[in-house]
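If you read the sequences in order, they're chains A and B.
The opening position of the first sequence corresponds to residue 560 in my numbering, with each subsequent residue numbered one higher.
The opening position of the second sequence corresponds to residue 5 in my numbering, with each subsequent residue numbered one higher.
For each residue, glycine too, the CB sits at the ideal point set by N, CA and C.
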Amino acid sequence: MTTKKQEAQKHEKSEDDESSEAHAYTPGLKVKRAMIIDKLRRLPIPGEVLHKVGDKVNYDTKIARTEISGDPEIVKVAMTLGVEAEDMGRFMLKKPGDKVKEGENIAFYTALFGLIKKNVPSPKNGTIESVSEVTGQVIVRGAPIPVDVDAYLPGKLVEVVPREGAVVQTYGAFIQGIFGIGGETHGEIKVIVAGNSDEITPDKIGPDCKGKVLIGGSLVTLEAMKKAVEVGASVVVVGGVRHQDLTTFTGQEIGVAITGQEEVGITLIITEGFGKMNMNATTFKLLKSFEGYLACVNGATQIRAGVLRPEIIIPHEEKEEEKGDTFALGMVPGTPVRIIRQPYFGAIGVVNSLPVELQALESESMVRVLTVKLQDGTIATVPRANVEIIEE
Amino acid sequence: MPALKKPIEDMQYILATDVGSTTTKARFFHKKDGVWRFYVAGEAPTTVEAPYEDVTLGVQNAVREVEELTGHKLLSPDGSGLILPYDGKQGVDLYCTTSSAGGGLQMMVAGLIKNMTAESANRAALGAGAIVMDVIARDDGRQPYQKIQRIRNLRPDMILLAGGTDGGAGQHVMEIAELIKAAEPKPRLGASYSLPIVYAGNKSIRDDIAKLFKGEFALTCVDNIRPVLEQENTEPARRAVHELFMEHVMSHAPGYNRLMKWTDIPIMPTPAGEGMAIQLIADTFKINVLGVGLGGATTNVYSIVEGRFVRSVSANLGMSYSVTNVMKEAGIPNIMRWIPFKIEEEEVASRLMNKMIRPTTIPQTLEDLIVEHAVAREALRLGLQHHRTIATRLKGVQVQRTISDMFEQAIEDSYVKMMTIEVIAGTGGLLSHAPRRVQPMLILSDAWLPEGVTRMFQDSVFMMPHLGVTSTVYRDAAWSIFDKDCLVRIGTSIAAAGISKLGEHCMTVELTMPDGKTQKEDMNFGDIKLVPLSEGLEVKAVITPAKTFDVGEGPGKPKEATVIGGIAGIMLDARGRPLYLPEDDNQRRDLLYKWFTSLKLYPEDPLKELVK
Numbered sequence: 560m561t562t563k564k565q566e567a568q569k570h571e572k573s574e575d576d577e578s579s580e581a582h583a584y585t586p587g588l589k590v591k592r593a594m595i596i597d598k599l600r601r602l603p604i605p606g607e608v609l610h611k612v613g614d615k616v617n618y619d620t621k622i623a624r625t626e627i628s629g630d631p632e633i634v635k636v637a638m639t640l641g642v643e644a645e646d647m648g649r650f651m652l653k654k655p656g657d658k659v660k661e662g663e664n665i666a667f668y669t670a671l672f673g674l675i676k677k678n679v680p681s682p683k684n685g686t687i688e689s690v691s692e693v694t695g696q697v698i699v700r701g702a703p704i705p706v707d708v709d710a711y712l713p714g715k716l717v718e719v720v721p722r723e724g725a726v727v728q729t730y731g732a733f734i735q736g737i738f739g740i741g742g743e744t745h746g747e748i749k750v751i752v753a754g755n756s757d758e759i760t761p762d763k764i765g766p767d768c769k770g771k772v773l774i775g776g777s778l779v780t781l782e783a784m785k786k787a788v789e790v791g792a793s794v795v796v797v798g799g800v801r802h803q804d805l806t807t808f809t810g811q812e813i814g815v816a817i818t819g820q821e822e823v824g825i826t827l828i829i830t831e832g833f834g835k836m837n838m839n840a841t842t843f844k845l846l847k848s849f850e851g852y853l854a855c856v857n858g859a860t861q862i863r864a865g866v867l868r869p870e871i872i873i874p875h876e877e878k879e880e881e882k883g884d885t886f887a888l889g890m891v892p893g894t895p896v897r898i899i900r901q902p903y904f905g906a907i908g909v910v911n912s913l914p915v916e917l918q919a920l921e922s923e924s925m926v927r928v929l930t931v932k933l934q935d936g937t938i939a940t941v942p943r944a945n946v947e948i949i950e951e
Numbered sequence: 005m006p007a008l009k010k011p012i013e014d015m016q017y018i019l020a021t022d023v024g025s026t027t028t029k030a031r032f033f034h035k036k037d038g039v040w041r042f043y044v045a046g047e048a049p050t051t052v053e054a055p056y057e058d059v060t061l062g063v064q065n066a067v068r069e070v071e072e073l074t075g076h077k078l079l080s081p082d083g084s085g086l087i088l089p090y091d092g093k094q095g096v097d098l099y100c101t102t103s104s105a106g107g108g109l110q111m112m113v114a115g116l117i118k119n120m121t122a123e124s125a126n127r128a129a130l131g132a133g134a135i136v137m138d139v140i141a142r143d144d145g146r147q148p149y150q151k152i153q154r155i156r157n158l159r160p161d162m163i164l165l166a167g168g169t170d171g172g173a174g175q176h177v178m179e180i181a182e183l184i185k186a187a188e189p190k191p192r193l194g195a196s197y198s199l200p201i202v203y204a205g206n207k208s209i210r211d212d213i214a215k216l217f218k219g220e221f222a223l224t225c226v227d228n229i230r231p232v233l234e235q236e237n238t239e240p241a242r243r244a245v246h247e248l249f250m251e252h253v254m255s256h257a258p259g260y261n262r263l264m265k266w267t268d269i270p271i272m273p274t275p276a277g278e279g280m281a282i283q284l285i286a287d288t289f290k291i292n293v294l295g296v297g298l299g300g301a302t303t304n305v306y307s308i309v310e311g312r313f314v315r316s317v318s319a320n321l322g323m324s325y326s327v328t329n330v331m332k333e334a335g336i337p338n339i340m341r342w343i344p345f346k347i348e349e350e351e352v353a354s355r356l357m358n359k360m361i362r363p364t365t366i367p368q369t370l371e372d373l374i375v376e377h378a379v380a381r382e383a384l385r386l387g388l389q390h391h392r393t394i395a396t397r398l399k400g401v402q403v404q405r406t407i408s409d410m411f412e413q414a415i416e417d418s419y420v421k422m423m424t425i426e427v428i429a430g431t432g433g434l435l436s437h438a439p440r441r442v443q444p445m446l447i448l449s450d451a452w453l454p455e456g457v458t459r460m461f462q463d464s465v466f467m468m469p470h471l472g473v474t475s476t477v478y479r480d481a482a483w484s485i486f487d488k489d490c491l492v493r494i495g496t497s498i499a500a501a502g503i504s505k506l507g508e509h510c511m512t513v514e515l516t517m518p519d520g521k522t523q524k525e526d527m528n529f530g531d532i533k534l535v536p537l538s539e540g541l542e543v544k545a546v547i548t549p550a551k552t553f554d555v556g557e558g559p560g561k562p563k564e565a566t567v568i569g570g571i572a573g574i575m576l577d578a579r580g581r582p583l584y585l586p587e588d589d590n591q592r593r594d595l596l597y598k599w600f601t602s603l604k605l606y607p608e609d610p611l612k613e614l615v616k
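As structure tokens, then:
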């Protein structure tokens, strides 16, 4: 099914029906050494944009600000006073819009010449939002909560969306991971393994890793993740992680891939998948070549309804001639691909052929396949849905 | 709603699409020699997200594939939609669509009492094809601040508020309403429009409700969902939800304003279309049906029992996006129990996590296929478990029903009993694309444990939602296609309820075959067997259970039935109800292997190699 959809999209783009039949189109993860990167930084609700187009910003520059209404608290005034809701108004000391302090009386009731007295204190600092003579409830709204949006990347503003935010532009390396946890953060890149197949173990993490973006190889163990938190590392980027280790580390099983809000002490990005998996050699080499550079990292991942992959952005000024976009060319013989499912999971190669006819797999499913020439020279036949283009 | 372009009896071509979260699926139907048939399918990625942000692009791509495959021109050259109606050379007479793009219709439901008005409101929302994100009730065990926090964190497309009987005290309903207002929930799509609220509670406080929500929410008041305690009336709320889905939600999703102009009839949420297709089976055969749409993100279960229709949408049970949530909900040991070979739990968990992060991949190896089938059993089991919490009766209550009533009233405990279910029908990628037709038959059997005599159907190429939406205007055409091209008759299951020791007698089945010969099968406990009987053929069966087993007439009592064949045939299932699986891993694996080989479930040699 995937293959069909990919092809259909390709059909739309191709002006040559004959050639389009041989194409397939599977977007992969981006691993780019140099490109222009635009990021729209947007407030959750309308507010004020603090800069203008052309302004230079650092990653921590506040570029937009707003306030969201404070948390409300419901106070059962009529019930506390022991009066009917419709009579409650008479006993209110505050009206909607009035500011109140925690502990300050908002209603007062007296009877029998002052022998019976009841009062209702405000549960928090805030403002009286409503007084309901239907339910006898009063809503006290807490102080507005300020929300700032920072630039995330060092660069300049190239577009301002009035009242919403701005587009920050930078130039640098752009690397997507496949899955991450934890939100936006920053740090200097530090490679802590010798090669892309090496595991990150606790002994490789020392005090000098504080605030750093640690680059590993094939796996990060639970103990190593804990050590990274302990020393105050900022990020761990690695090929794979074991499911059980991640569950223990985050304290919860990942059900649906919508992440980024976890507060576990570090941002973790895996570049290949779950289990022990060598980091793609190109990714490793690229990260290694930028050791010591600042990286802007976001672990947020969302697979459904608006695919969002975790990312590592390394701003730099090193110019490199842009290659043609592999993504736009689709998949043709010679396209570099990565196999993303058993039995060749993780293998890298180039497309050898794209037969049109459906073929039976070992599982007996009849699907469109392609053949891939792997790095060791062997030819593997795999479903088209099980490869992704390496976008370098 | 625009008028149909042609009287239905003059129609020649119908096009239906389903705009799914990842794929837009076009199905093209044609009347040939007076008979409506499925013609061809086209698919393309859904274009609801950036950089496209216009669903009509994906629709055009899918339709273009249909054009390429048929040579029949369908799209207007100026990009304004479909050519309508068919003019003898090009175009279609009817275009309709379902949609679940962008996560479908996501709702929050609120009511007064969890098991009463909130439950009724939940049924109404589900009946409209919504995913219910949370049900807030006065007695749901949460403190007001916790409820407020929850509402603030949710970004629903719509809220359905119910509570109180007509003329009764309104104060508590107002409390819930004030809670919602205080939480200031924001709509998921676009911050610029007011969040729709459907109020279906005590009608005597409508003015207060209107005053409270004025200016901040788009309020629609409809008849009370529980006008009196003994009555549930979900239809007005369901209808309002459906209309608001069109007016507010769809119109704010990218490109839907255009798409709405293209269609001849309103866009319907995918589960609503799917449910209508399952209803077609029940209406046509006048039988009790249990259906399922096992998707990548959700599992939708539908039951029609004695005319009562109930739909449940389990938002996070699915085979790709939500596959790890199935693992989380079911627990990995429950998935492992369906695997007949040795494999580490960590390995299975990693594979499922990898499927979740790359949801469009497909199993290449037999080992991978078996792991996915194991997860499917658990997704289906949990989906039915969820369904049963909704398919319940109101305690000791008289029911007001109309033909259009999507649900029914009911019972304290679920009335979905497998012995009363006569047909099980399945749709969704995993079931429809299973390499052998007997695979969905066993997967559904293992998950749902049918009892007695149960026919098993499945969707051939995923077109139930398309036929469901088509049936709203042209039932006969929809049924013709459904019957001839969509419904694959897999076969019939004959299963005895009860438990015994492995190897002890369970039931005897005597089949009078089409050639007149009698075939007698003695089934011992723990056995499963397939008797070939082609599609369309009927045999008379006399099923005699052992005294502790029941096949529908009571323990030990024989049952006579007409059994209909299918692609797989008749499955005689003496594995027990509940299904018996040994505790010991080796014994369990041996038993699974025995079942799988008996049914020729998978290719023999690779399976042998795996279990070695």
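- Secondary structure of Ile229/B (DSSP, three-state): coil.
- Restricting attention to beta strand (DSSP E) runs no shorter than 3 residues, the region 277-354 of chain B encloses them at 293-298, 303-309 and 312-318, ordered along the chain.
- For Val67/B, the closest of Arg230/B, Cys100/B, Asp91/B and Arg41/B by C-alpha to C-alpha distance is Cys100/B.
- Residue pairing of Ser848/A in beta bridges, as defined by DSSP: absent, with no partner found.
- Remark: three or more beta-carbon pairs, one from each stretch, lie closer than 8 Å, so the region 505-514 of chain B and the region 539-557 of chain B are flagged as touching.
- For the region 613-661 of chain A, the continuous beta strand (DSSP E) assignments of 3+ residues that do not extend past its boundaries occur at 621-627 and 631-635, in sequence order.
- Contact annotation: in the region 904-928 of chain A, residues whose CB is within less than 7 Å of a CB in chain B are Leu920, Glu921, Ser922, Glu923, Ser924 and Val926.
- Judged by beta-carbon spacing, Gly580/B lies within the 8 Å limit of Ser504/B, meaning their Cβ atoms are closer than that value.
- Taking 8 Å as the CB threshold, Glu179/B lines the interface with chain A.
- Distances from the alpha-carbon of Tyr203/B to those of Lys185/B, Asp227/B, Lys215/B and Glu182/B put Asp227/B closest.
- In the DSSP assignment, Gln918/A forms a beta bridge with Val926/A.
- Counting along the chain, Ala380/B sits inside the alpha helix (DSSP H) bounded by residues Leu370 to Ile394.
- With contacts defined as CB atoms closer than 8 Å, Arg230/B and Thr121/B qualify as a contacting pair.
- Tyr260/B has a beta carbon lying at 8 Å or more from every beta carbon in chain A.
- The continuous beta strand (DSSP E) containing Ile596/A extends over residues Val590 to Arg601.
- In the three-state DSSP reduction, Glu564/B falls in the strand class (E or B).
- Residues of chain A whose Cβ lies closer than 7 Å to the Cβ of Lys332/B are, in chain order, Glu812 and Gly814.
- Going by DSSP, Lys265/B is part of the alpha helix (DSSP H) stretching over Tyr260 to Trp266.
- Within 10 angstroms of the beta-carbon of Ile155/B lie 16 or more other beta-carbons, which makes it buried.
- Under the 10 Å beta carbon count, Arg385/B is surrounded by 16 or more other beta carbons and is classified as buried.
- Residue burial annotation: Arg722/A is exposed, with fewer than 16 other C-beta atoms found within 10 angstroms of its C-beta.
- Val856/A and Val352/B have their C-alpha atoms some 30 Å from each other.
- The residues Asp597, Leu599, Val717 and Glu718, in chain order, have a CB closer than 6 Å to that of Val726/A in the same chain once the five nearest residues on each side in sequence are set aside.
- In the three-state reduction of the DSSP assignment, Lys488/B falls in the helix class, which pools H, G and I.
- Contacts between Asn857/A and chain B, judged by CB atoms closer than 7 Å, are missing: the closest CB pair is about 16 Å apart.
- Thr566/B counts as exposed, since fewer than 16 other beta carbons sit within 10 angstroms of its beta carbon.
- Runs of alpha helix (DSSP H) with 4 or more residues, each lying fully within the region 429-458 of chain B, are found at 433-436 and 442-452, listed in chain order.
- Exposed is the label assigned to Ile675/A, since fewer than 16 other Cβ atoms lie within 10 Å of its Cβ.
- The residues Val634, Val636, Thr639, Leu640, Asn664, Ile665 and Ala666, in chain order, have a CB closer than 7 Å to that of Val679/A in the same chain once the five nearest residues on each side in sequence are set aside.
- Inside the region 467-554 of chain B, DSSP marks whole beta strand (DSSP E) runs of 3 or more residues at positions 491-499, 509-516, 522-528, 531-535 and 542-549, from first to last along the chain.
- In the structure shown, Ser418/B falls within a strand segment according to DSSP collapsed to helix, strand and coil.
- By the neighbour-count definition (other C-beta atoms within 10 Å, threshold 16), Leu605/B is a buried residue.
- Contact between Pro344/B and Leu596/B holds: CB atoms are separated by about 4 Å, below the 8 Å threshold.
- When secondary structure is reduced to three states using DSSP, Phe672/A falls in the coil class, being assigned neither helix nor strand.
- Residue environment for Leu199/B: buried (at least 16 other C-beta atoms within 10 angstroms of its C-beta).
- In terms of beta-carbon proximity, Asn684/A stays away from the interface with chain B, with every pair separated by 8 Å or more.
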